[in-house]
Amino acid sequence: MPGEIRRHRGRIPDKSVLRPAVVWHAGAMASRAGTVAQPQDLVDLTALLDAYYDVSPDLSDPGQRVAFGTSGHRGSSLKASFNEPHIVAITQAIVEYRAGQGITGPLYMAKDTHALSEPAQNSALEVLAANGVNVLIDARHGYTPTPALSHAILTHNNNSPAGAPQADGIVVTPSHNPPGDGGFKYNPPHGGPADTDATGWIANRANELLENGLRGVKRIPVADALAADTTGKFDFLSSYVDDLPSVLDLNAIREAGVRIGADPMGGASVDYWGEIGERHHLNLTVVNPTVDPQWAFMTLDWDEKIRMDCSSPSAMASLINRMADSGSGKAAYDVATGNDADADRHGIVTPDGGLMNPNHYLAVAIDYLYRHRTGWNPESVIGKTLVSSSIIDRVAESLGRKLVEVPVGFKWFVPGLLSGEGAFGGEESAGASFNKMDGSVWTTDKDGILLALLASEITAVTGKSPSQLYKGLTDQFGDPVYARIDAAATREQKAALGKLSPSDVTATDLAGETITAKLTEAPGNGASIGGLKVVTENAWFAARPSGTEDVYKIYAESFKGADHLKQVQAEAKALVDGVIS
1 MPGEIRRHRG
11 RIPDKSVLRP
21 AVVWHAGAMA
31 SRAGTVAQPQ
41 DLVDLTALLD
51 AYYDVSPDLS
61 DPGQRVAFGT
71 SGHRGSSLKA
81 SFNEPHIVAI
91 TQAIVEYRAG
101 QGITGPLYMA
111 KDTHALSEPA
121 QNSALEVLAA
131 NGVNVLIDAR
141 HGYTPTPALS
151 HAILTHNNNS
161 PAGAPQADGI
171 VVTPSHNPPG
181 DGGFKYNPPH
191 GGPADTDATG
201 WIANRANELL
211 ENGLRGVKRI
221 PVADALAADT
231 TGKFDFLSSY
241 VDDLPSVLDL
251 NAIREAGVRI
261 GADPMGGASV
271 DYWGEIGERH
281 HLNLTVVNPT
291 VDPQWAFMTL
301 DWDEKIRMDC
311 SSPSAMASLI
321 NRMADSGSGK
331 AAYDVATGND
341 ADADRHGIVT
351 PDGGLMNPNH
361 YLAVAIDYLY
371 RHRTGWNPES
381 VIGKTLVSSS
391 IIDRVAESLG
401 RKLVEVPVGF
411 KWFVPGLLSG
421 EGAFGGEESA
431 GASFNKMDGS
441 VWTTDKDGIL
451 LALLASEITA
461 VTGKSPSQLY
471 KGLTDQFGDP
481 VYARIDAAAT
491 REQKAALGKL
501 SPSDVTATDL
511 AGETITAKLT
521 EAPGNGASIG
531 GLKVVTENAW
541 FAARPSGTED
551 VYKIYAESFK
561 GADHLKQVQA
571 EAKALVDGVI
581 S
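In terms of the numbering used here, the sequence shown opens at residue 1 and continues consecutively.
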């Protein structure tokens, strides 16, 4: 029966395979934010892993069905939203999808360090092997960052002759989500996140399989799957790390002796950072190599939850403190960096500025890259999400480059990165990637390792920290204040927000300035933004419904200071509430 607890089938995973060991939110900070997690904060691994195998979803509950967001299907086994039935159904759906699309090359599969990732990968392998799919898993039996998987797919496809079978991939990760969560993403042959046509088909087919009691799902035991002729090994780490000189000026970093502190934050980049330092002879220290599926070493995020958000000052408190207190009277590192669990996001800490706001670093990275990458297409545009800072707009104008503003979701940057016509794509949530020195594609998924290393290149080449360079940009373009807040909304109100048209907004002014644009479609590609953006000369706000909570999110920015930002936020909430109520 749906929702029942089934008895163990003797297939609880061997826990010995698990190695022992923000958003700039405007809400009130919880009292323990930034302090080390306590025993009561830690997930019960036995209950989590048992539930993965023993709990069946209640398909009458929308929260227990398969649903792909911008980053795949996510959930928790303890909430009956990420359990073995979900994974085998999704995997069978992917098998059928790729067959329908004529994708017959190898499927690369990666996993991160979340406790649910190993059992989910095993479940997926059972299905893939039973269906005769050629699968490549990590040759080192380790963890694989999302960008390393994207790089592997693209390398295979770009190095194959015309007409050869194309590769695709699966990443088992919920990204920066808490330790009790799991995630499952599909990357088609272009190497980036699948678009809604693909994920919609896969989710619908997976739910159909669940409703039919998993009839139609082919499986073999995991031991047989691992031993199958169709299951092979791939050295993700060497493929990625050895190719870094094609995308970064590592010589400049090495010659300048930049002191790098890299914190994997218990995630999939843990082995990569050490190898990067050794293979490329960099002055690099892996700050914390611990892998612990409970993340007991983490400092709590703003809401007192364990969350591996490398853009959050609370979650990054340990690294920030380590940078400030080296015991020698000077900063411990010239650049310190953090990555989330699958290393698709970056956090940059500098001696003079602490943890950089992701928007600030994006502006610096764009300004630096488009001035120094002479091998890029001179007509290459700059890609950003429409909730990223408008200082990027002003930087783009100063560079003489076209700015392409797209909805939230990295998938929108894939075509430009592949063709070289959009050599950089970045999101406000600390996710970005860019092309190789010669303008060819590096990854089409977010790459936190790449952006972290870029901070060291910038420091080496310019002699200034990224935060010092950002100060120079604000002197030139103004100093914006940016924040995100959440506002309560019913499911019906969220649906209404997602269906707004510009004509629904009758206001003509916002915080004392004339409204110059009312957007429900992204100006860069005409795609729906699933909400509303309102723009004035010196400010803007964007409102989008949350996909997981009964709230909508208001992103806002002002070039006229914090008080003006508060006025923008208050009027934005009143405007949106008036339209959707």
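Idealized CB from N, CA, C, for every residue including glycine.
Closest by C-alpha distance to residue i, when choosing among the options
i: residue 84; options: 375, 512, 219; result: 219
i: residue 361; options: 342, 376, 335, 438; result: 335
i: residue 493; options: 458, 545, 281, 475; result: 545
i: residue 178; options: 351, 137, 403, 42; result: 42
i: residue 410; options: 45, 445, 454, 368; result: 445
i: residue 459; options: 124, 379, 364; result: 364
i: residue 350; options: 468, 212, 71, 189; result: 468
i: residue 655; options: 143, 281, 526; result: Examination of residue 655 is not possible in this model, given that the chain is present from 1 through 581 alone.
i: residue 486; options: 470, 556, 432; result: 556
i: residue 70; options: 523, 296, 429, 495; result: 429
i: residue 573; options: 543, 560, 448; result: 543
i: residue 331; options: 261, 383, 377, 47; result: 261
i: residue 447; options: 367, 533, 345, 470; result: 345
i: residue 236; options: 394, 140, 404, 131; result: 140
i: residue 127; options: 92, 115, 523; result: 92
i: residue 79; options: 89, 162, 48; result: 48
i: residue 279; options: 241, 38, 463; result: 241
i: residue 538; options: 119, 101, 517, 63; result: 517
Residues that residue i bridges to, as DSSP identifies them
i: residue 404; result: 383
i: residue 557; result: 482, 540
i: residue 73; result: 68, 184
i: residue 137; result: 233
i: residue 350; result: 354
i: residue 108; result: 136, 169
i: residue 337; result: 262, 348
i: residue 568; result: Its beta-bridge partners do not exist; DSSP assigns none.
i: residue 532; result: 543
i: residue 578; result: In DSSP, residue 578 forms no bridge with anything.
i: residue 551; result: 488
Simplified DSSP state of residue i, which is helix, strand or coil
i: residue 24; result: Legend: pLDDT at residue 24 = 45, less than 50; position of this residue unreliable, value from coordinates given subsequently. The answer is coil: DSSP assigns residue 24 none of H, G, I, E or B.
i: residue 241; result: helix
i: residue 298; result: coil
i: residue 509; result: strand
i: residue 226; result: helix
i: residue 573; result: helix
i: residue 217; result: coil
i: residue 517; result: strand
i: residue 19; result: With a pLDDT of 30 at residue 19, under the threshold of 50, the modelled position of this residue cannot be trusted; read the value that follows with caution. Residue 19 falls in the coil class under three-state DSSP.
i: residue 103; result: coil
i: residue 43; result: coil
Sequence-distant residues of its chain with Cβ nearer than 6 angstroms to residue i (five each side left out)
i: residue 23; result: Its pLDDT being 40, under 50, residue 23 is placed unreliably by the model, and the measurement read from it follows with that caveat. Excluding residues within five positions, the ones whose Cβ falls inside 6 angstroms are 484.
i: residue 391; result: 363, 477, 480
i: residue 285; result: 261
i: residue 443; result: 147, 150, 151, 433
i: residue 461; result: 252
i: residue 451; result: 346, 432
i: residue 130; result: 218, 219, 220
i: residue 207; result: 65, 66
i: residue 407; result: 522, 527, 529
i: residue 76; result: 82, 180, 181
i: residue 482; result: 359, 389, 557
Residues near residue i in its chain [Cβ-Cβ closer than 7 angstroms; skip 5 each side]
i: residue 353; result: 465, 467
i: residue 113; result: 143, 266, 267, 268, 291, 293, 341
Close-in-space but distant-in-sequence residues of the same chain around residue i (CB under 8 angstroms, 5 per side omitted)
i: residue 169; result: 107, 108, 109, 110, 149, 150, 152, 153, 186, 187, 191
Uninterrupted beta strand (DSSP E) stretches inside the segment 142-188 (no shorter than 3 residues) = 168-172, 182-187
Sequence ranges, alpha helix (DSSP H) only - wholly within the segment 247-327, length at least 4 = 250-256, 270-279, 317-324
Only counting runs of 4 or more residues, tell me where the alpha helix (DSSP H) segments fall wholly within the segment 388-470, in order along the chain.
-> 391-399, 414-419, 448-462
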